[in-house]
Amino acid sequence: MNYRVRKTLNKMMSISRLNHVLWRYLPKGVYVFNYHRIGDSATTLFDRAVFSCTKEALDMHVKLIKQNFTLITMSELRKLIDKGSKVDGRYAIITFDDGYYDNYSEAYPVLLDNNVSAVFYLVTDFVGSTVTPWWDDIAFILRCSAGQSYKLPKSNEVIYLDPDNIDKAIQQVIFKAKRIKNFDILQVLDDIRKCFPSAVKELSNKQESLFMSWEHAKEMTENGMEIGSHTLSHRMLAQLSAEEQEQEIKRSKALIEEKLDITIDSIAYPVGRYHCYTQGTCEITDRAGYLIGFNNEPGRNNIINNPFDINRICVDEDDVNQLKFNSIVC
Ligand SMILES: [Zn+2]
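Counting from 1 along the sequence shown, just add 4 to a position and that's the residue number in my numbering.
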């Protein structure tokens with residue numbers, strides 16, 4: 005989506021009373037709205053930035069999307085793409101990444117109430133496990149270490165873990181950690197673990213599962229929801245060898261298909277920004293038998309040249325305590 009379109013959309017969303025009228029005049033294309041966690045972020049010690057919005061806000065979004073777009077499935081999207089022409093209509097898809105339990109407990113009932121389907125992207129290593137992903141591990145450890153400082157590996161930069169602004173400090177560390185050249189994010193996590201052993205001990209006492217189980221996912225598929233792959237381990241594909249990428253992409257598809265007895269048509273690349281996957285990733289996805297591959301780059305899909313490189317609009321709250329519906333087009 006170019007800057008001018010985005011700015012116009014943003015402006016339109018902010019005039020909430022006019023939303024219902026103005027949304028009818030959005031440019032044609034496929035709009036993929038991507039969510040992560042749903043609920044009150046203030047209740048978690050883990051990564052609060054992964055929360056997209058509250059259950060009530062999601063209900064409002066879903067109603068607005070339903071009223072103003074034609075919601076389509078993965079196979080319908082692939083048919084649109086295979087036509088090869090400009091998208092003639094306003095279509096929407098709602099997706100959720102990572103498979104957190106609140107996707108089942110909070111988002112799924114909202115979707116059912118509104119008679120709307122969505123696609124849930126599962127990380128097979130996370131499903132039904134007590135694993136905490138690297139971003140939640142990092143957030144938990146740094147939150148419990150507020151008041152101390154952390155020096156990023158391969159850098160002289162020291163970040164103060166300000167107790168009054170700890171979420172900002174956590175996001176600063178995660179943002180910079182993702183961009184350290186030739187340094188896997190898991191190596192950064194290892195480094196953080198070594199620096200803050202008492203917080204690691206606190207983390208190890210937490211045994212709750214953050215993620216939905218296979219039974220939850222099965223129930224959702226039986227009630228009209230779609231499931232997709234978010235790989236085996238959520239490692240950033242661009243940092244892996246071609247063989248490792250193939251394993252993540254092919255094996256996760258096979259595993260979900262076996263567990264849920266369904267066909268997996270689509271994948272969402274972990275993190276999904278342009279530096280997190282490659283052209284090779286898209287080719288492996290094609291060869292693995294998927295119909296669709298999603299990134300996490302914002303934008304309306306107008307002419308879709310590559311079904312394995314489709315943009316999604318990430319729904320994020322700028323302020324975790326305040327809903328800002330216009331964030332869906334940022
Ligand atoms: Zn993810």
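Ideal Cβ positions, reconstructed from N, Cα and C, are used throughout, including at glycine.
Anything with a beta carbon under 6 Å from a heavy atom of ligand 1 counts; list them all in chain order.
-> D101, D102, H234, H238 and P274
Would you check if there are 3 or more beta carbon pairs closer than 8 Å linking the stretch 84–93 to the stretch 277–284?
-> no
By a C-beta neighbour count over all protein chains shown, 10 Å radius and 16 as the cutoff for buried, is Y154 buried or exposed?
-> Position 150 of the sequence shown holds residue 154. Under this definition Y154 is a buried residue.
When DSSP labels each residue in this structure, what does N300 get in the three-state scheme?
-> Counting from one through the sequence shown, the residue named residue 300 turns up at place 296. Coil at N300, not helix or strand.
Inspect the CB distances between the stretch 61–72 and the stretch 238–247 and report whether three or more fall short of 8 Å.
-> no
Three-way DSSP call (helix, strand, coil) for I145 in this model | Counted from its first residue, the sequence shown places residue 145 at position 141. Residue state, collapsed to three classes: helix.
Spatial distance of R147 from E60 (CA atoms) = Walking along the sequence shown from the start, residue 147 turns up at place 143. Walking along the sequence shown from the start, residue 60 turns up at place 56. Going from the Cα of R147 to the Cα of E60 covers about 27 Å.
Taking three-plus beta-carbon pairs below 8 Å as touching, is the stretch 98–108 in contact with the stretch 31–43?
-> yes
Consult DSSP for I253 and reduce its assignment to one of helix, strand or coil.
-> Counting from one through the sequence shown, the residue named residue 253 turns up at place 249. Three-state DSSP puts I253 in a helix.
Start and end residues, alpha helix (DSSP H) containing G284 | On the sequence shown, residue 284 is found 280 positions in, with the first residue counted as 1. First-last of the alpha helix (DSSP H) with G284: Q283 to R291.
What's the gap between the Cα of S245 and the Cα of F130?
-> Position 241 of the sequence shown, counting from 1, holds the residue named residue 245. Position 126 of the sequence shown, counting from 1, holds the residue named residue 130. S245 and F130 have their alpha carbons spaced roughly 22 Å apart.
By how many angstroms is the C-alpha of S217 removed from the C-alpha of L259?
-> Numbered from 1 along the sequence shown, position 255 holds the residue referred to as residue 259. Numbered from 1 along the sequence shown, position 213 holds the residue referred to as residue 217. Roughly 14 Å separates the two Cα atoms.
Which partner residues does K155 have in the DSSP bridge list?
-> Here residue 155 corresponds to residue number 151 of the sequence shown, with the count starting at 1. Answer is V162.
Please say whether M78 and I271 have beta carbons closer to each other than 7 Å?
-> Translated into positions along the sequence shown, residue 271 becomes position 267. Translated into positions along the sequence shown, residue 78 becomes position 74. No; because the gap between Cβ atoms is not below 7 Å, this pair is not in contact.
Using the rule of at least 16 other Cβ atoms within 10 Å of the residue's Cβ for burial, across every protein chain shown, is R316 buried or exposed?
-> Sequence index remark: in the sequence shown, residue 316 carries index 312 (1-based). Burial call: buried.
Closest residue to P31 among S56, N38 and R94 (Cα-Cα distance) | On the sequence shown, position 27 is the one that residue 31 refers to. Nearest to P31 by C-alpha distance, out of S56, N38 and R94, is R94.
Between the Cα of D140 and the Cα atoms of K180, S233, T48 and D269, which residue gives the shortest distance?
-> As a first step, residue 140 is located in the sequence shown; it is residue number 136 there, counting from the start. The residue with the shortest Cα to Cα distance from D140 is T48.
Pick out whichever of P157, D265 and T136 has its Cα sitting closest to the Cα of D188.
-> The residue given as residue 188 occupies position 184 in the sequence shown. Considering only alpha carbons, the answer is P157.
Best match in T235, N310 and T267 for proximity to E287 [C-alpha to C-alpha] | Locating residue 287 in the sequence shown gives position 283, counting from the first residue. Considering only alpha carbons, the answer is N310.
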